[in-house]
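Novice: Next up is a structure, given as structure tokens.
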Amino acid sequence: MRRGGASALFGIELRRLRQQHGLSLRDLSRVVGFTPGYLSKVENGRSPSAELARACDDTLVAGGALLAMANAEPAVRPAQLPAGIRRFVGRDDQLERLDTAGARVVIIDGPPGAGKTMLALHWAHHAVDRFPDGQLYVDLRGHCADDRPMDARVALDEFLAALGVPADGIPDSLELGSALYRSMLADRKMLVVLDNAADAAQVRPLLPAAAGCVAVVTSRGRLPRIAASRVTLGPMTPADSVALIRRVIGDERADREPAAVADLAARCDYLPLALRIAAERVVAQPHSLVRDLVEELDADGRLNVLSTYDSIALRTVFDWSYRRLDEGCARMFRLLGLHRESHIDPGAAAALAGVTEPVAHLLLDRLAGVHLVQKVGDRYRLHGLLREYAADPRESRVRSRRSLDRGLSSIESVHRSS
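When you line the sequence shown up against UniProt numbering, it's residues 1 to 418, in that order.
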């Protein structure tokens with residue numbers, strides 16, 4: 001019998017029946033003639049022998065249920081991947097890296113709007129034949145409208161249910177649930193997609209240990225505490241950006257205004273989400289020119305134009321990252337939006353924020369860790385659209401001066417004590 005699925009369910013039912021009869025492992029051991037250690041391993045997912053299954057079925061009056069489980073192959077083959085992206089363009093280098101990573105865990109990280117989820121799902125659908133035992137998917141809600149990431153325990157319970165574990169067989173603790181999950185994936189070839197992760201603590205209990213399984217994690221943070229192969233996304237190339245717009249609006253319209261299409265891609269800073277929103281705006285206005293949208297972006301502001309007529313507006317997606325910053329990082333981020341140059345070093349950032357250079361360095365590194373700034377050598381760069389967002393004085397993002405000062409004072413204190 002194959003380990004991992006049916007054997008894990010056998011172990012769950014064995015433990016339930018044993019406890020229902022008020023027996024300890026030692027008690028059951030004396031009756032069935034197998035050691036407590038072996039029984040413990042079976043309860044935690046090891047395949048039972050035919051003799052043990054028969055003895056336990058008789059002793060616990062299971063009516064043949066344990067025997068049936070011991071002889072059954074796992075029937076559950078989850079296929080949870082959301083629909084793929086119809087108009088996926090580019091990212092050839094990153095797709096090749098995913099194909100050849102050879103790692104059990106791959107983290108796709110990058111700034112908001114870089115297309116991390118699209119890349120993960122596009123690759124997953126094309127690689128599905130490599131994982132004949134199924135695919136698990138969960139949106140961990142690391143960045144979302146209500147600022148409430150999914151608890152790892154909730155995600156784990158959903159995975160166990162998808163693998164066929166009955167509700168009363170799901171362990172009460174995260175640790176036991178994670179152990180059962182790994183047991184059920186043992187000797188399976190499965191793909192696990194952990195989308196929109198908040199941090200390493202949320203991800204770690206959901207990572208399979210089996211050599212035949214691969215976990216693909218997407219996150220706006222780098223998740224440095226997880227050993228993984230990494231694919232970091234940035235803007236698309238100009239050529240791929242133009243190709244994406246053409247794919248959405250159609251060759252006929254694109255061929256009529258090739259220069260305007262190139263200008264539109266540049267105005268979007270080659271950011272996939274901005275490109276898709278802009279292209280959909282063109283499609284929604286069939287009697288307008290592409291050049292009209294370029295001029296609208298210049299006149300009314302890119303963030304304003306790209307944050308309308310879409311359920312996931314660009315400003316909203318940036319908000320989800322901004323709201324998770326601590327006070328000191330939030331203030332530094334906003335001040336960077338007012339800086340004249342796109343690049344800044346820690347010394348200049350310290351002067352701008354009125355903090356010491358080590359504290360400025362710490363804040364900049366934290367912003368780089370969640371891809372709100374990019375570290376380039378000894379300097380830091382704020383991406384064009386993110387820079388406009390950082391300089392935006394919208395009341396919904398303004399915090400009280402007292403809260404900001406309190407956050408900076410706390411960081412200063414931590415630095416002095418370190």
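Just so it is clear, CB atoms sit at the ideal spot from N, CA and C, and this is done for glycine as well.
This structure is a prediction, so every number in the text was calculated from the model and none was measured.
Pop quiz: A390 and F333 are said to be a contact at Cβ under 8 Å. What is the actual Cβ separation, rounded to whole angstroms?
Specialist: Position 390 of the sequence shown holds residue 390. Position 333 of the sequence shown holds residue 333. That belief holds up - the Cβ atoms of A390 and F333 are roughly 5 Å apart, short of 8 Å.
Novice: Within 10 angstroms of its Cβ, does V31 collect 16 or more other Cβ (buried), or is it exposed?
Specialist: Position 31 of the sequence shown, counted from the first residue, corresponds to residue 31. Classification of V31: exposed, given that the 10 Å Cβ count is below 16.
Novice: What separation, rounded to the nearest whole angstrom, lies between the Cα atoms of G369 and Y322?
Specialist: Working through the sequence shown from its first residue, we reach residue 369 at position 369. Working through the sequence shown from its first residue, we reach residue 322 at position 322. When rounded, the distance between both Cα atoms is 13 Å.
Novice: Can you name the residues that DSSP bridges to L194?
Specialist: Reading the sequence shown from its first residue, position 194 is the one you call residue 194. DSSP, once it has assigned bridges, lists V138, V217 as partnering L194.
Novice: When burial is assigned at 16 or more other CB atoms within 10 Å of the CB, is R148 buried or exposed?
Specialist: In the sequence shown, counting from the first residue as 1, residue 148 sits at position 148. Classification of R148: exposed, given that the 10 Å Cβ count is below 16.
Novice: Please classify D133: is it buried, with 16 or more other beta-carbons within 10 angstroms of its beta-carbon, or exposed?
Specialist: Within the sequence shown, numbered from 1, the residue matching residue 133 stands at position 133. Burial call: buried.
Novice: Could you spell out the range, first to last residue, of the alpha helix (DSSP H) harbouring V294?
Specialist: Taking the first residue of the sequence shown as position 1, residue 294 is located at position 294. V294 -> alpha helix (DSSP H) spans 290-300.
Novice: Along the chain, where does the alpha helix (DSSP H) containing S321 start, and where does it finish?
Specialist: Counting from 1 along the sequence shown, the entry for residue 321 is found at position 321. S321 -> alpha helix (DSSP H) spans 314-322.
Novice: Could you name the residues of the same chain whose beta carbon sits closer than 8 Å to that of A62, not counting the 5 residues immediately before and after it, in chain order?
Specialist: For the purposes of this step, residue 62 is taken as the residue at position 62 of the sequence shown. Excluding residues within five positions, the ones whose Cβ falls inside 8 Å are E13, L17, C56.
Novice: Quick one: Cα of F10 to Cα of E43, how far?
Specialist: Here residue 10 corresponds to residue number 10 of the sequence shown, with the count starting at 1. Here residue 43 corresponds to residue number 43 of the sequence shown, with the count starting at 1. Whole-angstrom Cα-Cα distance: 7 Å.
Novice: Which term fits L275, buried or exposed, when burial requires 16 or more other beta carbons within 10 angstroms of its beta carbon?
Specialist: Here the question's residue 275 lines up with position 275 in the sequence shown. Its Cβ being crowded by 16 or more others within 10 Å, L275 is buried.
Novice: When the Cα atoms are used, what is the spatial distance from L174 to E357?
Specialist: Locating residue 174 in the sequence shown gives position 174, counting from the first residue. Locating residue 357 in the sequence shown gives position 357, counting from the first residue. Their backbone Cα atoms lie some 41 Å apart in a straight line.
Novice: Can you tell me which of T100, T59, L293, A266 puts its alpha carbon nearest to the alpha carbon of H383?
Specialist: For this step, residue 383 is matched to residue 383 along the sequence shown. Selected option, being the one with the closest Cα: A266.
Novice: Per DSSP, which residues does H343 bridge with? Please list them.
Specialist: Indexing the sequence shown from 1 puts residue 343 at position 343. Paired residues: R381.
Novice: Run through the DSSP bridge pairs and tell me what I107 is partnered with.
Specialist: Here residue 107 is taken as the residue at index 107 of the sequence shown, counted from 1. Note: I107 sits in a beta bridge opposite V217, R230.
Novice: Might you give, ordered along the chain, the residues of its own chain that have their beta carbon closer than 6 Å to the beta carbon of S241, omitting 5 neighbours on each side?
Specialist: For this step, residue 241 is matched to residue 241 along the sequence shown. Taken in chain order, the residues that qualify are A265, Y270, L275.
Novice: Tell me which residues share the same chain as L207 and place their Cβ nearer than 7 Å to its Cβ, disregarding the 5 neighbours each side in the sequence.
Specialist: Position 207 of the sequence shown holds residue 207. The residues are V105, A215.
Novice: For Q19, name the three-state secondary structure that DSSP assigns.
Specialist: Within the sequence shown, residue 19 is the residue found at index 19, counting from 1. The answer is helix: DSSP assigns Q19 an H, G or I state.
Novice: Pull up the distance between the alpha-carbon of R86 and that of H287, whole angstroms please.
Specialist: By one-based count along the sequence shown, residue 86 stands at place 86. By one-based count along the sequence shown, residue 287 stands at place 287. One C-alpha to the other measures close to 24 Å.
Novice: Have a look at R46 and F88 and give me their C-alpha separation to the nearest angstrom.
Specialist: Counting from 1 along the sequence shown, the entry for residue 46 is found at position 46. Counting from 1 along the sequence shown, the entry for residue 88 is found at position 88. Their Cα atoms are separated by approximately 43 Å.
Novice: Looking only at its chain, what residues have a beta carbon closer than 7 Å to the beta carbon of A8, apart from the 5 residues adjacent to it on each side?
Specialist: Along the sequence shown, read from residue 1 onward, the residue named residue 8 stands at position 8. Excluding positions up to five away in sequence, the list reads G45, L180, S183, M184.
Novice: To test your reading of the DSSP string, which unbroken beta strand (DSSP E) runs of 3 or more residues are found completely within the region 157-203?
Specialist: Within the region 157-203, the complete beta strand (DSSP E) runs of at least 3 residues are 191-197.
Novice: Quick check: what's the CA-CA separation for P238 versus A114?
Specialist: The residue labelled residue 238 in the question sits at position 238 within the sequence shown. The residue labelled residue 114 in the question sits at position 114 within the sequence shown. Each residue's alpha carbon lies about 14 Å from the other.
Novice: Do you know how far the Cα of V373 is from the Cα of A330?
Specialist: Locating residue 330 in the sequence shown gives position 330, counting from the first residue. Locating residue 373 in the sequence shown gives position 373, counting from the first residue. One C-alpha to the other measures close to 12 Å.
Novice: A210 and R225 - do their beta-carbons sit closer together than 9 Å?
Specialist: As a first step, residue 225 is located in the sequence shown; it is residue number 225 there, counting from the start. As a first step, residue 210 is located in the sequence shown; it is residue number 210 there, counting from the start. Not a contact, by the Cβ cut-off of 9 Å.
Novice: Scan the region 345-377 and note each continuous beta strand (DSSP E) run of 3 residues or more that stays entirely inside, going in chain order.
Specialist: Fully enclosed beta strand (DSSP E) runs of 3 or longer: 374-376.
Novice: According to the neighbour-count rule (16 or more other Cβ atoms, all chains shown, within 10 Å of its Cβ), is N71 buried or exposed?
Specialist: The residue given as residue 71 occupies position 71 in the sequence shown. Flag for N71 reads exposed.
Novice: Assuming L223 and A200 form a contact by the criterion Cβ under 8 Å, report the distance between their Cβ atoms to the nearest whole angstrom.
Specialist: The sequence position of residue 223 within the sequence shown is 223, counting from 1. The sequence position of residue 200 within the sequence shown is 200, counting from 1. Correct: roughly 5 Å between the Cβ atoms.
Novice: Taking C-alpha atoms, which residue in L52, V282, L273, I277 lies nearest to E252?
Specialist: Locating residue 252 in the sequence shown gives position 252, where the first residue counts as 1. Out of L52, V282, L273, I277, V282 has the C-alpha closest to the C-alpha of E252.
Novice: Could you round the C-beta distance between L289 and E257 to whole angstroms and report it? I think they count as a contact, below 8 Å.
Specialist: For the purposes of this step, residue 289 is taken as the residue at position 289 of the sequence shown. For the purposes of this step, residue 257 is taken as the residue at position 257 of the sequence shown. Yes, L289 and E257 are in contact; Cβ-Cβ is about 6 Å, under 8 Å.
Novice: Once the 5 residues before and after Q20 are set aside, which same chain residues still bring their CB inside 6 Å of it?
Specialist: Numbered from its first residue, the sequence shown carries residue 20 at position 20. Cβ neighbours of Q20 beyond the five flanking positions: none.
Novice: What number of angstroms, rounded off, separates the C-alpha of S417 from the C-alpha of R381?
Specialist: Here residue 417 is taken as the residue at index 417 of the sequence shown, counted from 1. Here residue 381 is taken as the residue at index 381 of the sequence shown, counted from 1. Per-residue confidence for S417 stands at a pLDDT of 40, beneath the threshold of 50, marking its modelled position as unreliable; no derived number is given.
Novice: Can you name the residues that DSSP bridges to A79?
Specialist: Residue numbering aside, residue 79 sits at position 79 when the sequence shown is read from its first letter. DSSP, once it has assigned bridges, lists Q135 as partnering A79.
Novice: Are the CB atoms of L140 and A197 nearer to each other than 9 Å?
Specialist: Residue 140 sits at position 140 when you count from the first residue of the sequence shown. Residue 197 sits at position 197 when you count from the first residue of the sequence shown. Taking 9 Å as the Cβ cut-off, L140 and A197 qualify as a contacting pair.
Novice: Just verifying my parser: in three-state terms, what is the DSSP assignment at T117?
Specialist: Within the sequence shown, the letter at position 117 stands for residue 117. Correct three-state label for T117: helix.
Novice: Report the residue from R324, E96, G347, A353 whose alpha carbon sits nearest the alpha carbon of G337.
Specialist: As a working note, residue 337 is residue 337 in the sequence shown. The residue with the shortest Cα to Cα distance from G337 is A353.
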